Amino acid sequence: MDIKIFSWNVQGCGHRRFLTAAKQLLRDNKPDMVIFMEPRISGRKADSVISSLGFPNSHSVEAVGFAGGIWLAWYDTVKVEILLNHFQFIHCRVTAKGDGHSILATAVYASPRSSQRKILWPHLRRLATTIHSPWVLFGDFNATLATLERKGGGATSRPSKDFQAFVFDLGLRDMGYSGPEFTWTKGNTHVRLDRFICNSYWDETFPEASVEHLLRLRSDHRPILLSVGHIVRHSTPGPFRYFTGWQSHEDFERMVRDNWKASTSLSETLSNFAKAADVWNKTTFGYIGTKKKLLMARLRGIQISLASRPSRFLRTLEEELLIELEHLLDQEELLWRQKSRSDWIVEGDRNTRYFHRRATIRKQKHKITSLKLQNGTWCDDDAILQEEATRFYEHLFSRDTSPTDPFTSTVTYPAIHSDIMQRLHEVPSNDEIHDALRAMAPLKSPGWDDLHAEFFQRQWPIVGSSICGMIQTIFRGGNIEPSLNRTVLVLIPKKDNPEAFTDFRPIRLCTVLYKLVTKVIACRLKPLFPLLIGPNQSSFIAGRSIVDNIIINQEAVHSM
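For the sequence shown, the residue numbers in full-length UniProt numbering are 1 to 560.
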């Protein structure tokens with residue numbers, strides 16, 4: 001059984017910074033199930049936050065005003081069955097979909113008020129008498145088991161006798177941890193309030209399970225993570241890709257100016273620039289993941305030092321590094337937004353969806369691991385699938401040589417005046433080309449050169465003259481360079497879980513410069529449509545949809 005369970009007292013989920021921190025922690029640790037405590041919001045706003053984090057499944061014990069509240073959320077890698085609700089805990093059965101193994105899990109948020117905590121322990125005791133299988137309890141217990149679990153603070157605080165009795169009487173075990181010692185910090189007071197506890201059945205079944213205290217971000221509480229089994233996730237570096245976050249780097253414009261050297265071939269200019277940008281990304285901009293790991297390592301060391309000895313210098317340094325980390329997380333958010341192809345997200349609304357999750361789902365959805373061949377057998381051999389794809393699409397796109405009847409029509413179509421035809425043939429000006437470029441979506445899927453329209457839009461003062469020269473040459477009768485006319489063929493699934501090549505829609509991705517030529521033509525044709533297309537038509541009329549035909553049909557039927 002390979003699963004991860006993530007627990008965090010967030011102390012409020014309504015702020016934008018919570019989403020940034022939560023996404024980062026979830027992305028780094030890849031849990032299957034999470035518990036958020038003390039969310040301080042409920043209802044539709046809570047549902048919106050859960051949705052923006054990318055969880056398809058959730059359950060909650062609502063907060064009463066700003067007090068209490070437990071959110072349980074999980075991905076489709078596990079099945080969760082809610083067995084019991086209490087205002088201080090949620091008890092459930094968790095089943096791994098990979099091997100079908102199950103555990104019992106109880107997410108706990110013990111009340112900070114001792115009078116209400118006294119109600120919790122008897123309920124958990126009664127629950128324990130019904131359990132004879134692996135059981136883990138986790139969350140914020142708001143109590144300690146030993147004196148050493150608290151450091152600093154004005155008044156001395158003894159361990160909770162009720163909590164100690166609950167753990168010892170039932171034969172439960174604190175699962176320990178790796179990482180910083182304390183899970184809650186306020187000023188010079190450090191306490192271990194969050195933990196995982198298990199029964200003997202758990203120890204017999206999952207001796208390899210481990211708990212980690214994670215980096216503390218935003219909240220006074222440190223997240224904790226339980227890993228059951230050994231989970232290995234491999235990642236491979238991809239090819240050169242334009243990254244929109246480069247535009248925010250102070251050295252990027254200089255790099256573009258130095259390496260965008262006009263030559264007789266624009267495709268050669270693009271190729272040389274891509275190589276230079278790849279080197280610049282490695283040597284100057286740096287990998288976000290590497291910089292983030294270094295920052296987090298420094299923060300972890302500082303927080304460990306602060307837990308043992310207060311220091312104004314370290315506190316100031318921690319604040320500076322947290323600001324730097326937040327800027328880095330913003331850049332990473334741009335990266336995952338770009339990968340997720342979420343072009344429907346408006347600027348400034350970056351927290352409405354969990355981009356990293358979307359990118360992962362998108363990648364999994366488009367990945368072909370096995371397909372059904374024409375003879376009905378399933379195949380996962382790459383070589384055979386490549387041969388089958390070549391055969392299928394060669395047959396699909398081959399020209400039909402069978403004779404066809406010539407098309408004849410007596411309909412008279414509208415004609416374009418010679419003056420307008422002359423305007424269509426004119427060589428476009430630099431301003432017209434620039435206007436067409438600005439009208440293009442900035443982050444649509446690029447062609448073989450991996451450069452999005454945004455790059456050309458934002459670096460137009462540098463790259464504009466060579467692009468205008470290329471397009472104006474084409475309008476004068478020249479040929480487009482063969483490499484710029486090259487496309488990338490991608491297969492888009494028509495349905496979930498495609499089984500054969502017939503379930504994919506082939507799409508050709510053109511370069512931005514090729515699309516820019518057609519965009520100039522389209523912008524010239526658009527004002528002519530009202531002259532060529534009647535107002536009673538549905539196609540090629542701005543603001544009119546094919547759905548309008550249904551409405552018109554219904555009105556026609558009702559009027560009869």
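C-beta: ideal position from N, C-alpha, C; glycine also. Just so you know, these numbers come straight off a predicted model, no measurement behind them.
Close Cβ partners of residue i (< 6 Å) along its chain, the five nearest in sequence each way excluded
i, result
"residue 468", "430, 433"
"residue 472", "427"
"residue 212", "178, 179, 225"
"residue 201", "133, 134"
"residue 554", "none"
"residue 292", "328"
"residue 34", "6, 73"
"residue 231", "Because residue 231 sits at a pLDDT of 38, beneath the cut-off of 50, its placement in the model cannot be relied upon, and the point is left open."
"residue 334", "244, 245"
Segment limits, beta strand (DSSP E) that includes residue i
i, result
"residue 6", "3-9"
"residue 411", "Segment: none, residue 411 is in no beta strand (DSSP E) and carries neither H nor E."
"residue 288", "Run containing residue 288: none in the beta strand (DSSP E); it sits in the alpha helix (DSSP H), 288-308."
"residue 190", "189-191"
"residue 184", "184-186"
"residue 106", "102-109"
"residue 82", "78-86"
"residue 513", "Counting along the chain, residue 513 falls outside any beta strand (DSSP E), though it belongs to the alpha helix (DSSP H) covering 512-525."
"residue 504", "504-509"
"residue 96", "89-96"
"residue 36", "33-37"
First and last residue of the uninterrupted alpha helix (DSSP H) at residue i
i, result
"residue 147", "Premise fails: residue 147 is in no alpha helix (DSSP H) and is neither H nor E."
"residue 277", "266-280"
"residue 439", "Element bounds for residue 439: n/a, residue is neither H nor E."
"residue 472", "460-475"
"residue 402", "Segment: none, residue 402 is in no alpha helix (DSSP H) and carries neither H nor E."
"residue 553", "547-559"
"residue 427", "Per DSSP, residue 427 belongs to no alpha helix (DSSP H) and is neither H nor E."
"residue 127", "114-128"
"residue 206", "Unbroken run through residue 206: none, as it is neither H nor E."
Where residue i falls, given that 16 or more other Cβ within 10 Å makes a residue buried
i, result
"residue 560", "exposed"
"residue 257", "exposed"
"residue 411", "exposed"
"residue 216", "buried"
"residue 413", "exposed"
"residue 139", "buried"
"residue 39", "buried"
"residue 63", "buried"
"residue 308", "exposed"
"residue 454", "buried"
"residue 550", "exposed"
"residue 397", "exposed"
"residue 539", "exposed"
"residue 346", "Any reading at residue 346 needs caution, since the residue's pLDDT is 47, under 50, leaving its predicted position unreliable; the model's value is listed next. Counting Cβ neighbours within 10 Å, residue 346 comes out exposed, since fewer than 16 surround it."
"residue 377", "exposed"
"residue 438", "exposed"
"residue 436", "buried"
Cut-off 7 Å between Cβ atoms - residues of its own chain near residue i, not counting five sequence neighbours on either side
i, result
"residue 164", "145"
"residue 251", "284"
"residue 506", "393, 489, 491"
"residue 348", "Unreliable placement is indicated for residue 348, whose pLDDT of 44 sits below 50; the coordinate value is still reported in the next sentence. Excluding positions up to five away in sequence, the list is empty."
"residue 21", "217, 218"
"residue 160", "143, 144"
"residue 220", "11, 184, 185, 186"
"residue 263", "269"
"residue 500", "371, 372"
"residue 82", "59, 90, 92"
"residue 14", "40, 41, 45"
"residue 271", "none"
"residue 552", "none"
Beta-ladder partner(s) of residue i, from DSSP
i, result
"residue 196", "138"
"residue 540", "Answer is none; residue 540 lacks a bridge partner."
"residue 212", "178, 225"
"residue 61", "70"
"residue 492", "505"
"residue 371", "379"
"residue 173", "198"
Cutoff 8 Å; reference residue i; Cβ partners in own chain excluding five residues on either side
i, result
"residue 249", "284, 285"
"residue 379", "370, 371, 372, 373, 385, 388"
"residue 331", "245, 248, 288"
"residue 255", "276, 277, 280, 284"
"residue 504", "491, 492, 493, 494, 498"
"residue 556", "none"
Distance cut-off 6 Å: residue i Cβ against heavy atoms of the ligand HEM
i, result
"residue 517", "The model on display carries no ligand, and the ligand HEM is accordingly not part of it."
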